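Chemist: From first to last, the protein sequence lines are chains A and B.
So for the first sequence, my numbering puts the first residue at 274; every next one is plus one.
So for the second sequence, my numbering puts the first residue at 11; every next one is plus one.
Beta carbons: idealized from backbone N, C-alpha and C, even for Gly.
Keep in mind the model is a prediction, meaning the values are calculated, not measured.
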Amino acid sequence: MTLFDKFLRIRELGIFSIIVVFVVVASIIDPRFMTIDSWRAVFLAIPLILVMAMGQMMVIICRHVDISIGSILAFSAIVIGLLYIQFPGLSLWLSLIITAFVGLVMGLINGFIVTRFNVHSIIVTLGTLSLYRGLVFIVSGGRQIDRNDIPEHVVSFSQTSFFFSIPGILIFSAIIVIITHLVMRHSVLGREIYATGSNPVAAHLKGINVTKVTLFCFGVCGMLAGVAGLFYASRFGYVNPGVTGVGIEFIVIAGVIIGGTSITGGSGSVLGTFLGILLLGIINVALPVLNIPGEFQKAIYGLIIVVALSLDQLIIYRMKKLSGGINA
Amino acid sequence: MLKKFSIYLSENPTLRYWIVRPEWVAVILLIISIISSIQLSPFFADLAFIMDSATPYVEYGLIAIILTLIIISGEIDLSIASMIALTAVIFGTAYNAGIGMPLSMIIALLSGTLCGLFNGILVTQLKIPSIILTIGTLTLYRGIAQSLASDFSLGGYPSWFIGIDYRYVGIIPIPVIIFTVFAIVVGFFLSSTIYGKQLYLIGTNPQTAKYSGIKVDRIKLLLFTLSGLVCGIAGILTTSRLAVARFNMATGAELEIVLMVMLGGTYIFGGRGNIFGTFVAFWIVVILRAGLNVARIKIESQLTILGAMLIIAIILTNYIYSKSQK
């Protein structure tokens, strides 16, 4: 095994060095990039994506993909927005529980269809993507939730908090990231998710309830997308049925994949996913600083996904060759 | 009666093969949707109206036919909608750059072909699963279209180019004729040529296909390229119909295209399906959309019904195949 192969094994190191290079280059081109303001922008941009990415990472590790999360986000955001119109005094904890529950139900529906009928998850969630988006329009009647419909204590959740006035969503997403890390690395369930992803048949033979594990992943993914709906309402102060969460699933998937999570399942880490999302957040903030028009953002994200997929596949190929898996 | 019939069927496997087929679900659904639409509004029973409402979906239908071939061979292409937008935007940019209509069309078709080729190379050479790769290229192609066109509508085409959906032969619009001819040609290709049979074998068992001397990778590459080319044609057709090209055209069209293929009884895991089913499913989508519009259900709310239909179609097809053709 050469040094290069050893380097490839620590996937987080690769993405970390890309981030460092990117930040250094960006701040040489324009010193404004290294100011507090732009880093504040980075860390305000990522919590929403980060929370969704934690769920998506679990789903991808167990060999599935959920592309309906954007619509789940929109649905829970609309539901909580409509509730705020009725009950402006709804407390933050209660809204968290409500959005988490809404998301959980929708995620479990995805998981149920995938596990019960054994269809590829992307096709199923392509269907539920539209289904949930249609529900958003039906529930809201096509009406937007405005800034003055959302109570003050919810908006301030994304701006400040009791803890050194760090935004509440940042603290909350950090807690979710840490919990996900503990679950994935240090619990039986987490190890079962990895086992299911790397070889479902072997996992089944070993006595792991594959259906239950898959359902759990989809449920958590939906639940976190639902929580992200509350973050969205808090962060942006409006919820539009036609705009909210459209295409966000591709950003999340991009972040998870460039974080080193293999789409063939069974590998990936919370740290890698965090770094992947961080890179996307930095790119998001760096584009205007570097005078690159915002229209290029989507193309850059797309390019990142394709490049990351290709690299991932090359790494897998190399690994297999090393272990003698490929004899061609 | 039903029990007797099912026993009779189990004694005659050939007959069962022909009767228990997912395509008949599509046909039955088509009849149900026609009847219920006529119940909604008597004006619906007008062939010219149905033909007219079919034209916007012809672009999707053309791609659905190629996608049927791709899914039969065990792969999938979800970047189709983005390729429509990208080729349309490239066509608009090229024409507005003043290089003339024929050259712009060639450039658009060429760019579509290249996009498809790119998908195909990554799938066949790097062995990236097509379902996840085309999710990536979906974002990439749409992003390139957005970078090229920004938020502008690229228009200013000559009048002979605009409005292909208003050119008729009798009461049939030209796009519908294009679609029908294309469906017949591809259907013939799939059912009656050796290459069609090879597609089924590739989808059923790629390993066996490889050992039987079929050039699996080359055929898959060709299919993806073809998909790009047809998306180019669809992009030009859409531009002609709308008279402008925008980066966000055909957003979410993957749903309807995949729905057409799935409703037509093509097996999601490959190896089964045919063009006739997709052709019938095209008309189901057309009539469903037209019927929902006549019933004044909002376009956005229609998404719920389409999404639910996609899931039901997959479940039903899987169920029927598991019963009839083990």
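1) Assess contact between the stretch 149-158 of chain B and the stretch 96-108 of chain B, defined as three or more Cβ pairs (one per stretch) separated by less than 8 Å. Is contact present?
2) Work out the CA separation of phenylalanine 547/A and isoleucine 602/A for me, nearest whole Å.
3) Is the Cβ-Cβ distance between methionine 272/B and valine 186/B less than 7 Å?
4) Under three-state DSSP, which class holds valine 519/A?
5) Tell me the residue span of the alpha helix (DSSP H) that contains histidine 426/A.
6) Pairs of beta-carbons, one from the stretch 561-570 of chain A and one from the stretch 155-162 of chain B, closer than 8 Å: are there three or more?
7) Three or more C-beta pairs closer than 8 Å, one from the stretch 493-511 of chain A and one from the stretch 569-580 of chain A: is that the case here?
8) Flag isoleucine 395/A as yes if its beta-carbon sits less than 7 Å from any beta-carbon of chain B, otherwise no.
9) Whose Cβ in chain A lies nearer than 9 Å to the Cβ of valine 268/B?
10) Look at isoleucine 73/B and isoleucine 278/B and say whether their C-beta atoms are less than 7 Å apart.
11) How far does the alpha helix (DSSP H) with glycine 400/A in it reach, from first residue to last?
12) What residue from Ile556/A, Ile301/A, Leu462/A and Lys594/A has the CA that sits closest to leucine 488/A's CA?
13) Using the Cα positions of valine 516/A and isoleucine 42/B, report the straight-line distance between them to the nearest angstrom.
14) Go through its chain and collect everything with a Cβ distance to glutamate 465/A's Cβ below 6 Å, but skip five positions before and after it.
15) Between the beta-carbon of proline 183/B and the beta-carbon of threonine 65/B, is there less than 7 Å?
16) Should glutamine 135/B be flagged as near chain A, meaning a C-beta pair shorter than 7 Å?
17) If you draw a straight line from the C-alpha of tyrosine 18/B to the C-alpha of isoleucine 330/B, how long is it?
18) Once the 5 residues before and after isoleucine 530/A are set aside, which same chain residues still bring their CB inside 8 Å of it?
19) Near leucine 233/B, what residues of its chain come up, given a Cβ to Cβ distance below 7 Å and the 5 sequence neighbours on each side ignored?
20) Is it right to say histidine 337/A is buried, meaning 16 or more other beta carbons lie within 10 angstroms of its own, or is it exposed?
21) What is the rounded straight-line gap between the Cα of leucine 587/A and the Cα of histidine 459/A?
22) May I ask you to list the residues that DSSP assigns as paired with valine 179/B?
23) Cβ closer than 8 Å: which chain A residues qualify as neighbours of proline 139/B?
24) So, do the stretch 553-562 of chain A and the stretch 290-310 of chain A have three or more beta carbon pairs nearer to each other than 8 Å?
25) For valine 579/A and chain B, any beta-carbon pair shorter than 7 Å?
26) Straight-line CA distance for glycine 108/B to aspartate 161/B?
27) Taking CB distances under 7 Å as the criterion, tell me whether arginine 406/A reaches chain B.
Modeler: This is what the structure gives:
1) The stretch 149-158 of chain B is in contact with the stretch 96-108 of chain B.
2) In the structure as shown, chain A begins at 274 and stops at 601. Residue 602/A is therefore absent and cannot be evaluated.
3) no
4) coil
5) Looking at the DSSP string, the run of the alpha helix (DSSP H) that includes histidine 426/A is 425-429.
6) yes
7) Between the stretch 493-511 of chain A and the stretch 569-580 of chain A there are fewer than three C-beta pairs closer than 8 Å, too few to call the two in contact.
8) yes
9) Ile396, Leu399 and Gly400
10) no
11) Residues 394-413.
12) Leu462/A
13) 34 Å
14) Ile481 and Val486
15) Inclusion of proline 183/B and threonine 65/B in the CB contact set at 7 Å is warranted, their separation being smaller than that value.
16) no
17) 18 Å
18) The residues are Ile333, Ile536, Gly549, Ile578, Ala581, Leu582 and Asp585.
19) Result list for leucine 233/B: Leu79, Ile80 and Ser83, in chain order.
20) buried
21) 29 Å
22) Ile182/B
23) Near proline 139/B (Cβ distances below 8 Å), the residues of chain A are Ile536 and Thr537.
24) A contact between stretches requires three or more CB pairs, one per stretch, nearer than 8 Å, and the stretch 553-562 of chain A meets this requirement with the stretch 290-310 of chain A.
25) yes
26) Glycine 108/B and aspartate 161/B: Cα-Cα distance of roughly 20 Å.
27) For arginine 406/A, the nearest beta carbon of chain B is closer than 7 Å to its own beta carbon.
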